[in-house]
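Visitor: All the letters of the sequence shown, read from the start, carry residue numbers 1 to 158 under full-length UniProt numbering.
Think of the CB as a built atom: it goes at the ideal place given N, C-alpha and C, for glycine as much as any other residue.
Dropping a structure here in structure tokens format, bear with me for questions.
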Amino acid sequence: RGISWDDYHEIATSDWRFGAQLMAYLIESPYEEGDARIALAEACAEHVPVELLQRVPEGGISVDEAHRILDNTPYKALALWADILCANTGNFFLDTDYEMLWSGGALPEWDQETVEILTRHWQQANLIEQEILDLYEVLEGDPATRFGEILNLILERR
């Protein structure tokens, strides 16, 4: 469920919903190179005017900014998306991607306490992902208007 380096770099492809692309473009890349942001901008330009994209803060906003600006708003799911992109949720399932597991990342112990914790994490991950999917729907219903609203909120509170 976590977003790997490969996953992040594929968000701009047609395999990802354009709501995810628009949301990812608003958030700074968890990786240093800028190529993925260029591809994201190009993908986003298919759904919102370039003029809106040009108003996005250079490099996107940080996870901390996303929470400061968007928590307690109808767009708080964007801050949750930022957490997932940056493996910053504190949730095993949302912060762990297949690359981590395949490269020898430690698996949790299989004892009763850990299973209970992982069960809670799984339930929490489902709730967080549903909030994010709901925001995808909002964005995809009227991309230019909704993206503009979110961007205006970010710029006003920045």
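1. Along the alpha helix (DSSP H) that carries Glu28, what are the first and last residues, could you check?
2. Which of helix, strand or coil does DSSP assign to Ile132?
3. Excluding the five sequence neighbours on either side, which residues of its own chain have a C-beta within less than 8 Å of the C-beta of Thr114, listed in chain order?
4. Rounded to a whole number of angstroms, what is the C-alpha to C-alpha distance between Met100 and Phe92?
5. Ignore the nearest five residues each way along the sequence and tell me which others in Ser62's own chain have a CB closer than 7 Å to its CB.
6. Please report how far the alpha carbon of Gly2 lies from the alpha carbon of Thr89, in whole angstroms.
7. Whole angstroms are fine: how far does the CA of Glu58 sit from the CA of residue 160?
Guide: With the structure as the only source:
1. Looking at the DSSP string, Glu28 is not in any alpha helix (DSSP H), and its letter there is neither H nor E.
2. helix
3. Pro108
4. 11 Å
5. Glu28
6. 10 Å
7. For the chain, the structure presents residues 1 to 158; residue 160 sits outside this window and is missing.
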